[in-house]
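To start, the structure under review is shown below, and the notes come after it.
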Amino acid sequence: MWNRIKNWIEIRIGLDDLVRTQLKEYSVPRNINIFYTLGVVALAAYIIQAVTGFFLLVYYIPHPDHAFRSVQGIMTVVPYGWLFRMVHIVGSNLMVAVVFLHLFSVFFMGSYKKPREMTWVAGGLMLLAVLTFCLSGYLLPWSQLSYWATTIVTSMPTAFPYVGDFASNVLRGGEHVSGITLNRFFALHVALLPPIFVLIIGFHIFLVRRIGISSPPFGVSGEAKRPWTEYRHESHPDGYPFYPDFVLKEMFMVMVYLAVMFLIIAFMPTLFLPQDANTPADPFRTPAHIKPEWYFLAPYQMLKFIPSKFLGVSMQLILIVIFLLWPFFDTKEEKNILKRPLLLGVFFLSLGLWIILTIWGEYS
Amino acid sequence: MRYINTKISRFFSASIFLLFAIFICSSETVAGYREVSEKEFLTAPWAGEQIEASACIECHTSDIMKPEFKNIPQEWKTSWHYENRVSCHDCHGGDTKDAAMSMSPQRGFVGSPKYSDVPEFCGKCHVGILKNYIESGHGKALKPTGRGPNCVTCHGSHNIQKANMDIINEGLCSRCHSYERAKIMKQALFLTEKRIRDIEKDIKRLKTDGVFTEEEEKDLFSTHAEFRTLFHTVDVSLIKERTDVFTKKLNLLENKIQNTFNELGFRKNFSAFLMLIFIGMGVGIFLLSKTYKS
Amino acid sequence: MKRRGFLKLLLALFGSTSLVSFAYPLLRFFAPPGEKAKAKQISLKKAEISSGEAKDIVFNNMPVIIINRPDKGFVALSRVCTHLGCLVAYDKTKKRLLCPCHAGTFDLEGKVISGPPPRPLPKVPLRVEGESIIIG
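Protein chains in written order, with the working numbering: chain G, 31 to 394; chain C, 70 to 363; chain F, 1128 to 1263.
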C-alpha cells in the first residue's frame, strides 16, 4: 500500500531521485558536531511557536478591555488551553536560548566567513526578528508586566533628538501605551513578522544547502585554503550521509528541546510568569521592580549605567550594526578560532560581559 | 585577495569609527536636550519610587508644624489606608494640589470630627458598618451621652491597620463593662474568622502557583466584609444565627479552591507524562542512531 | 537489524502516544462550548416587580438585581461591586446602587457615579416576552 502511494508520487515528480540526491547522498562533514543541529532545533521551535500561536489566536481578543480576560479564559475555561499557552510561553524563551546558542556556535566555528557572509547576515536579521516577536508578543496579555515593560522599551527612541519623540509615538501610537499600541503590536506579531521571518528562513536554508555545510575547523579538516574566485559548492564526499545519520542527530536534539520544555511546564510553570504577569494592566500604578525578560536584561542594564541616555542607545545601535555585518569586519581566512587568540579573547570577553550584565540586571 | 579582504575590513571599521565620532559630536550639540532627557530617564517611574506630591503632607511634615500634627503623615504611611491609596483629602476633604485651598471648606475641608461625630465621618465610605453601628448598643450609647466607643477607640485614627480579631481584647473592652460580653462575642466570631484566614492562605498559594484568583478573592472579601460589618451590631445572638449562612458560602468557596488545586495537579501530571514520552523518544533515537554508525 | 526494527517500533509507539496526547486536547480545545456554557434561563413575571422596585436573584452562581426603572424599563445588573466584590444594595429614593463596603455608587445603568469602583457593573442579558421577564 505504502509502495503504491510512493510510486504514484514518483512518476509525477521523480521522488526517488530527489530523496537520493537531497537526503541520502547529501553528506555532512566527517567531523560534524552536535552544535550543528541547533539550526534545525531553532526551526522546529519556530514551527511550534507558530502553531501554538495560531491556537491562541482562536480565543484571544486584542482589545485592552478584553485581552487579559481572554487569556485567563484560555488558561481556565478553554479545555487544554493552558497546555498551548504554556507551550507558547516556555517555547518563546527556549527558542531565544536556542537561537543564541546557534549564534555562539556559528561564531565559534567561523562558519560566517567567506563565502557565507550572507548566511550570517540573514541569521542576524532573524535574531532581530525573533527579538521583535518577543517584544510584540509580550504586550498581548495586557498584564502589569506587559504594559510597563512595553512602556520602557517604547521610550528608548526618545534618546534621539528631533526624531526620537516621533519614533516613540509611531511605535506606541501616541504619548502612552494604550489600546492603539496593543493593536499595532498584535498586527506586527501575527501578520507582519511571520511571513518576513519565513522568507528569511527560506533564504538562509537555501544558502546553507547551495554553498554547502561549513566544516568545523577542529580535528580532521577536509578543507584546503583555496582562493575563492568563482562559485563552488562545498561537498563532503568523505562525510556521513545526511539521511539517516545527521537527521537522527537533529531529531534527538529536538526531543531534548521538547523534554526541557515539558520539564519546565510540569515542574516550574511560574518560571516565566511572575506575579505581575498575572495582574491586569493598571496604567496608574507602576510595579516596584519592573524589568524586561532575561534576553533583554543585558542591553537594559547597559543603558542604566551609561550616564548619557543618548550615548547608551547609540552604542547599542552601533553594536547591532557591528553584529549584523561581522563577516565584513573579520575577514581573516583562518576559521580555527583556537589559532586566533585575539578573536578568542574577544569572543569570551563579549560572552562574559553579556552574562555579567544579564545577572546584574536580574539582581539590581 | 587578502589585500581586498583587508580593504573591506578596514572600510567597515573606519565607517564605524566615523559614525561613532558623529554621534559623540552631535551628542555634545544636543547637550541641553540630553540633560533634560537624562533627568526624565532617572525620574521616570521605573527608575525609582514615585514621589507623591501632596500639599497636606508637605506642611504636616515640615518643621513649623506642632509635634502632634507632625507625626500624623508618618502614622498614616504605616496604615492600611495608605496601602490602598486613601489619603488625607479622602476623609478630611480639601485640595491636595493647592496649598492655599488645602484646608478650605469650599473644597470640602471638614477638619477633625468631634468625638460623637466620628461614626458619620468614617461612615462616609464605610456605609454598611455605620448602619450596623448606629443600631447597636455602642451606637445607641454614643449619641445621647457622648460617651462610649466610636471608630477611633478600637481602630485608631491615622495608623489604621487591617481589622483582626485581636482588636477585641480585655484591655480595650473592659473600660466600660466587664470583658465577659466581649469574650462571648469573640468566641462566636472565632471559627468563622479562622476559616476565612485559612481560605486566604489557600488563595495565596494558588497565586504563587500562577493562578489568577480575582473571582475567589472578591468572593472571600465580600463574605468577610459582610461578616465583619455584622460584628458592629455587637449582637451575639444575631451573629450566631447568621453564622450558618456564612459557613455555607465559605464551603462553596473552599470547594472551588480545592477544584483549582486538583486541576493544577492534573496539569502537572499530564505535562510530566509528556516529558517522559519525549525523553523516551530521545533515548530511542539515540540508540537507533548507534545502529547506523557508518 | 533486529535491534533497529525493535527501536523503530518503540519510537513509533512513543510517537503515536505523543501525537494522541496532543490530538485529544486539540479536539477538546476546538470543540464548541457545551451545554453547560448556556446557563439555565430564569424567568419571572413582570407583575412581581412593580415600578421603581427591584428584586435580588441568583443567576449562574452570581447575585443579580433586576430593577424596574420607571423611565427605562427592566434591567438586570450584577450585584458584585467591581471594587472588591461586596454586594451592592438598591436605593429606591436616590435611584442608585450603593456598595456598603466603601460607598461605591452606581447609576441604574451600572455606570460608576462615585467611589473606588474601577469599572461599571456588568449587565446580564434580559428580555421581556409578553407577561414575563427572561434572564440569560
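Positions of the beta carbon are idealized from the N, C-alpha and C atoms, including for glycine.
Values in this document were obtained by computation on a predicted structure and should not be read as measured data.
Under 8 Å between C-beta atoms of LYS212 (chain C) and SER185 (chain C): Here residue 212 (chain C) corresponds to residue number 143 of the second sequence, with the count starting at 1. Here residue 185 (chain C) corresponds to residue number 116 of the second sequence, with the count starting at 1. For LYS212 (chain C) and SER185 (chain C), yes; Cβs fall inside 8 Å.
Interface partners of PHE359 (chain G) on chain C, CB under 7 Å: If you number the first sequence from 1, residue 359 (chain G) lands on position 329. Ordered by position in chain C, the residues that pass the 7 Å Cβ test against PHE359 (chain G) are SER78, PHE81 and SER82.
Chain F contact residues for LEU222 (chain G), given Cβ-Cβ distances below 7 Å: Reading the first sequence from its first residue, position 192 is the one you call residue 222 (chain G). Correct list: empty, because the minimum Cβ distance to chain F is about 26 Å.
Cα-Cα separation, GLY242 (chain G) to MET285 (chain G): Within the first sequence, numbered from 1, the residue matching residue 242 (chain G) stands at position 212. Within the first sequence, numbered from 1, the residue matching residue 285 (chain G) stands at position 255. Distance between the alpha carbons of GLY242 (chain G) and MET285 (chain G): 26 Å.
Residue range of the unbroken beta strand (DSSP E) whose run includes TYR1217 (chain F): In the third sequence, the residue the question calls residue 1217 (chain F) occupies position 90. Segment 1216-1218, the beta strand (DSSP E) holding TYR1217 (chain F).
8 Å Cβ cutoff, PRO299 (chain G) in contact with chain F: Translated into the one-based positions of the first sequence, residue 299 (chain G) becomes position 269. No, PRO299 (chain G) does not count as interfacial toward chain F.
Cβ shell of ASP195 (chain G) (< 7 Å), same chain only, five flanking positions each side left out: If you number the first sequence from 1, residue 195 (chain G) lands on position 165. If we look at ASP195 (chain G) and ignore the five residues flanking it on each side, its Cβ neighbours are THR188.
For ALA257 (chain C), the three-state DSSP class (helix, strand or coil): In the second sequence, the residue the question calls residue 257 (chain C) occupies position 188. Residue state, collapsed to three classes: helix.
CA-to-CA distance, THR181 (chain G) to LEU113 (chain G), given in whole angstroms: Along the first sequence, one-based indexing puts residue 113 (chain G) at 83. Along the first sequence, one-based indexing puts residue 181 (chain G) at 151. Cα to Cα, the separation comes out at about 29 Å.
Assigned secondary structure, ARG1223 (chain F) (DSSP; H/G/I helix, E/B strand, else coil): Residue 1223 (chain F) sits at position 96 when you count from the first residue of the third sequence. ARG1223 (chain F): strand per DSSP, three-state reduction.
Where ARG315 (chain G) sits in the DSSP three-state scheme: The count along the first sequence starts at 1 and reaches residue 315 (chain G) at position 285. ARG315 (chain G): coil per DSSP, three-state reduction.
For TRP178 (chain G) and ALA318 (chain G), the rounded distance between their alpha carbons: The residue you call residue 318 (chain G) lines up with position 288 of the first sequence. The residue you call residue 178 (chain G) lines up with position 148 of the first sequence. Their Cα atoms are separated by approximately 11 Å.
Span of the beta strand (DSSP E), counted from its first residue to its last, around PRO1190 (chain F): Within the third sequence, residue 1190 (chain F) is the residue found at index 63, counting from 1. PRO1190 (chain F) -> beta strand (DSSP E) spans 1189-1196.
Short Cβ contact (8 Å threshold) for LEU86 (chain G) with ARG115 (chain G): By 1-based counting over the first sequence, the position of residue 86 (chain G) is 56. By 1-based counting over the first sequence, the position of residue 115 (chain G) is 85. Yes, they are a contact pair.
For PHE28 (chain C), the three-state DSSP class (helix, strand or coil): Within the shown structure, residues of chain C are numbered from 70 to 363, placing residue 28 (chain C) beyond reach of any answer.
Cβ shell of LEU333 (chain G) (< 6 Å), same chain only, five flanking positions each side left out: Your numbering for residue 333 (chain G) matches position 303 in the first sequence. For LEU333 (chain G), where only same-chain residues beyond five positions count, the Cβ hits under 6 Å are GLY342.
Within 8 Å, strictly: CB atoms of SER1177 (chain F) and VAL1191 (chain F): Counting from one through the third sequence, the residue named residue 1177 (chain F) turns up at place 50. Counting from one through the third sequence, the residue named residue 1191 (chain F) turns up at place 64. Cβ atoms of SER1177 (chain F) and VAL1191 (chain F): not closer than 8 Å.
Beta-bridge partners of GLU1256 (chain F), as assigned by DSSP: As a first step, residue 1256 (chain F) is located in the third sequence; it is residue number 129 there, counting from the start. Paired residues: F:SER1259.
Selection of the stretch 226-252 of chain G by Cβ proximity to chain C, strictly under 7 Å: none
As assigned by DSSP and simplified to three states, the class of PHE290 (chain C): Counted from its first residue, the second sequence places residue 290 (chain C) at position 221. Of the three classes helix, strand and coil, the one that applies to PHE290 (chain C) here is helix, per DSSP.
Test: LYS365 (chain G) CB closer than 8 Å to a CB of chain C: For the purposes of this step, residue 365 (chain G) is identified with residue 335 of the first sequence, where counting begins at 1. No - not a single Cβ of chain C is within 8 Å of the one on LYS365 (chain G).
PRO92 (chain G) vs LEU218 (chain G) beta-carbon contact at 8 Å: The residue you call residue 92 (chain G) lines up with position 62 of the first sequence. The residue you call residue 218 (chain G) lines up with position 188 of the first sequence. Result no, Cβ atoms of PRO92 (chain G) and LEU218 (chain G) do not sit closer than 8 Å.
Interface residues of chain C facing SER1148 (chain F) [CB-CB closer than 9 Å]: What you label residue 1148 (chain F) is simply residue 21 of the third sequence in a count that begins at 1. Those are PHE339, PHE342, LEU343 and ILE346, listed as they occur along chain C.
Meets three-Cβ-pair contact criterion under 8 Å: the stretch 1232-1245 of chain F and the stretch 1198-1213 of chain F: yes
Buried or exposed (CB count within 10 angstroms, at least 16 for buried), ALA100 (chain C): Against the second sequence, residue 100 (chain C) aligns to sequence position 31. Bear in mind that a pLDDT of 47 at ALA100 (chain C), under 50, signals an unreliable position, so the model cannot answer this.
CB contact below 8 Å: LEU208 (chain C) versus chain F: In the second sequence, counting from the first residue as 1, residue 208 (chain C) sits at position 139. Per the sequence shown, the amino acid found at residue 208 (chain C) is Gly instead of Leu. It does not: the Cβ of GLY208 (chain C) has no partner Cβ on chain F nearer than 8 Å.
Chain-ordered residues of the stretch 103-124 of chain G with a beta carbon less than 8 Å from chain F: VAL108, PRO109, TYR110, GLY111, LEU113 and PHE114
N-terminal and C-terminal residue of the alpha helix (DSSP H) that LEU379 (chain G) is part of: Here residue 379 (chain G) refers to the residue found at position 349 when the first sequence is read from its first residue. Where LEU379 (chain G) is concerned, the enclosing alpha helix (DSSP H) stretches over 371-393.
Buried versus exposed, by CB contacts within 10 Å (16 or more), LEU1134 (chain F): Here residue 1134 (chain F) refers to the residue found at position 7 of the third sequence. Result: buried.
Contact between the stretch 353-361 of chain G and the stretch 136-149 of chain G (3+ Cβ pairs under 8 Å): yes
Minimum Cβ-Cβ distance from ASP278 (chain C) to chain G less than 8 Å: For the purposes of this step, residue 278 (chain C) is taken as the residue at position 209 of the second sequence. Taking Cβ atoms only, chain G reaches closer than 8 Å to ASP278 (chain C), which makes this a yes.
Which listed residue (G:PRO357, G:LEU124 and G:PHE137) has its alpha carbon closest to that of ALA74 (chain G): Indexing the first sequence from 1 puts residue 74 (chain G) at position 44. Closest option to ALA74 (chain G), Cα to Cα, is G:LEU124.
Reduced DSSP secondary structure (H/G/I, E/B, other) of GLY1200 (chain F): Start at 1 with the first residue of the third sequence, and residue 1200 (chain F) comes out as number 73. DSSP places GLY1200 (chain F) in strand when its eight states are reduced to three.
With 16 other Cβ atoms within 10 Å as the buried cut-off, status of ASP47 (chain G): Walking along the first sequence from the start, residue 47 (chain G) turns up at place 17. The residue in question, ASP47 (chain G), is exposed, as its Cβ has fewer than 16 Cβ neighbours within 10 Å.
Secondary structure of SER100 (chain G), DSSP reduced to three states: Taking the first sequence and counting its residues from 1, the one referred to as residue 100 (chain G) is at position 70. Looking at SER100 (chain G) - three-state DSSP - the assignment turns out to be helix.
Beta carbon proximity, PHE85 (chain G) to chain F, threshold 8 Å: Your numbering for residue 85 (chain G) matches position 55 in the first sequence. Output row for PHE85 (chain G): interface = yes.
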